[in-house]
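2 protein chains.
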Amino acid sequence: MADAALSIGQLAQSAGIHVQTLRYYEAQGLLAPSGRTAGGQRRYGAQAAQRLHFIRHAREFGFSTEQIRELLDLAGESSRSCEEVDAIVRRQRELVRRRIDLLQQLEGELDRMLSECSGGRVTECRVLEALGDHGRCASAHGHAQADDDPPAR
Amino acid sequence: MADAALSIGQLAQSAGIHVQTLRYYEAQGLLAPSGRTAGGQRRYGAQAAQRLHFIRHAREFGFSTEQIRELLDLAGESSRSCEEVDAIVRRQRELVRRRIDLLQQLEGELDRMLSECSGGRVTECRVLEALGDHGRCASAHGHAQADDDPPAR
DNA sequence: GATAAACCCTACAATCACTGTAGGTTCAAG
DNA sequence: CTTGAACCTACAGTGATTGTAGGGTTTATC
């Protein structure tokens with residue numbers, strides 16, 4: 260069962276993450292090692308590697324560790340309805356959609372700023388002016404505030 | 260000069276942010292109050308309000324407080340070349356562009372997941388499968404990791 | 001001029017998802 | 001059996017806020 264057991268460093272390298280992150284996931288209840296050596300070092304089996312794969316993928320999708328724990332729990336009791344999983348993903352897609360919209364507005368603004376600046380002195384630089392003047396924005400992205408968004412690093 | 264002096268609460272409300280955030284900006288060297296009352300309470304003049312406007316706008320654009328401090332300093336010595344400001348904005352646009360690309364890939368994936376799920380039980384739910392299986396991704400967004408991105412809340 | 005409510009003060013802890021560090025232990029190769 | 005790389009725990013730091021504790025100040029009303 261624990262045939263090709265990986266050390267924490269090997270698993271981390273294969274996943275492109277730091278060992279600390281793995282220990283962090285363990286502390287968060289996302290990923291436990293399959294076992295430990297006599298000396299206390301973590302060993303990860305193929306199942307753990309797969310679980311990590313899921314976790315990393317979900318993180319890239321912007322899911323929080325909390326949400327991932329939800330998803331993993333849901334997947335564990337495999338007789339439950341798919342609707343809960345669906346709802347989480349659907350909510351996530353909404354967030355992604357909104358973030359894209361916002362970023363595209365910002366990109367447009369930044370482009371406009373750059374096109375108006377032509378390498379003069381700061382006094383006549385439109386960029387700083389544009390940043391200071393909300394009114395000139397192409398889109399009035401008013402300060403909405405009920406909306407958190409997990410970083411998509 | 261300090262005619263229409265605002266309290267921290269009034270300024271915060273007018274900007275749609277919390278008073279703690281203003282105190283945080285002060286600690287970070289971004290925004291000092293124009294003065295204090297005899298009792299030690301902060302008072303902000305019109306100039307401070309404008310500076311805050313700039314700060315909030317730049318934050319919405321994804322600039323870090325560090326970058327904003329740079330921009331403000333640059334704007335202060337108004338005889339310097341515009342190129343430094345330009346470079347900061349250009350770098351920022353690159354980051355925004357990359358984030359949009361990633362998010363659009365993610366959106367596509369999430370859509371695909373949802374279309375494959377049709378409200379069954381978790382055992383036959385494609386969503387969890389898709390999240391676990393990187394290989395089935397439309398785009399192989401490999402684990403690039405040299406890239407930070409400030410949250411765009 | 002007293003009182004009370006609303007506001008403000010400092011200082012510090014918590015959040016999230018990690019990353020870094022200190023000081024010590026274990027493993028695998030030679 | 002020694003060496004050095006990798007591992008261990010425990011804890012502090014990151015960035016941009018937000019929350020809390022325990023007080024002081026301002027303002028309006030009586």
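Protein sequences appear in the order of chains A and B. Following the working numbering, the numbering of the first sequence begins with 260 at its first residue and continues without gaps. Following the working numbering, the numbering of the second sequence begins with 260 at its first residue and continues without gaps. No residue lacks a Cβ here, since even glycine has one placed at the ideal position from N, Cα and C. Computed from a predicted structure; not experimentally measured.
What residues from chain B crowd round residue i, counting only those whose CB sits closer than 9 Å?
i, result
"Asp-332 (chain A)", "Correct list: empty, because the minimum Cβ distance to chain B is about 10 Å."
Is the CB of residue i under 8 Å away from at least one CB in chain A?
i, result
"Leu-311 (chain B)", "no"
"Ala-286 (chain B)", "no"
Give the secondary structure of residue i by DSSP, where H, G and I count as helix, E and B as strand, and everything else as coil.
i, result
"Ser-374 (chain B)", "helix"
"Gly-294 (chain A)", "strand"
"Leu-281 (chain B)", "helix"
"Ser-266 (chain B)", "strand"
"Arg-315 (chain A)", "helix"
Which residues in the same chain as residue i place their Cβ atom closer than 8 Å to its Cβ, once the five residues preceding and following it in sequence are excluded?
i, result
"His-312 (chain A)", "Ala-274"
"Ile-267 (chain B)", "Val-278, Leu-281, Arg-282, Pro-292, Gln-300, Arg-301 and Tyr-303"
"Ala-271 (chain A)", "His-277, Val-278, Thr-280 and Leu-281"
"Gln-306 (chain B)", "Ser-293"
"Ala-263 (chain A)", "Gly-304 and Ala-305"
At a CB-CB cut-off below 9 Å, which residues of chain A make contact with residue i?
i, result
"Gly-294 (chain B)", "Correct list: empty, because the minimum Cβ distance to chain A is about 22 Å."
"Gln-363 (chain B)", "Val-355 and Ile-359"
"Val-278 (chain B)", "The premise fails here: Val-278 (chain B) is roughly 14 Å from chain A at the closest Cβ pair, so nothing lies under 9 Å."
Please list, in chain order, all residues of the same chain as residue i whose beta carbon is under 7 Å from its beta carbon, the five residues on each side excluded.
i, result
"Ile-347 (chain A)", "Gln-326, Glu-329 and Leu-330"
"Thr-296 (chain A)", "Arg-302"
"Ile-314 (chain A)", "Tyr-284, Leu-289, Leu-290 and Ile-327"
"Gln-287 (chain A)", "Thr-324"
"Glu-353 (chain B)", "none"
"Gln-351 (chain B)", "Phe-320, Gly-321 and Phe-322"
Quick one: is residue i near chain B, going by C-beta distance under 8 Å?
i, result
"Arg-352 (chain A)", "yes"
"His-402 (chain A)", "With a pLDDT of 39 at His-402 (chain A), under the threshold of 50, the predicted position of this residue should be treated as unreliable, though the coordinate-derived value follows. Taking Cβ atoms only, chain B reaches closer than 8 Å to His-402 (chain A), which makes this a yes."
At a CB-CB cut-off below 7 Å, which residues of chain B make contact with residue i?
i, result
"Arg-356 (chain A)", "Glu-366"
"Ala-265 (chain A)", "Per the sequence presented here, residue 265 (chain A) reads as Leu, with Ala not at that position. Going along chain B, no residue has its Cβ under 7 Å from Leu-265 (chain A), so there is no contact; the nearest lies around 17 Å."
Just to make sure I have the definition right: I need the residues of chain A whose C-beta is within less than 7 Å of the C-beta of residue i. Which are they?
i, result
"Val-348 (chain B)", "Leu-369, Met-372, Leu-373 and Val-386"
"Gly-321 (chain B)", "Leu-365"
Mind reading off the beta-carbon distance from residue i to residue j? Whole number of angstroms is fine, and I expect it under 8 Å.
i, j, result
"Leu-362 (chain A)", "Val-344 (chain A)", "Leu-362 (chain A) to Val-344 (chain A), Cβ: 27 Å. No contact."
"Leu-373 (chain B)", "Arg-349 (chain A)", "6 Å"
"Leu-265 (chain B)", "Val-355 (chain A)", "Not confirmed; about 37 Å, so no contact."
What does a CB cutoff of less than 6 Å around residue i pick up in its chain, not counting 5 residues either side in sequence?
i, result
"Ala-317 (chain B)", "Ile-327"
"Cys-341 (chain A)", "none"
"Arg-357 (chain B)", "none"
"Arg-310 (chain B)", "Leu-290"
"Gly-298 (chain B)", "none"
Run down chain A in chain order and give the residues with a C-beta less than 8 Å from the C-beta of residue i.
i, result
"Ala-317 (chain B)", "Leu-390"
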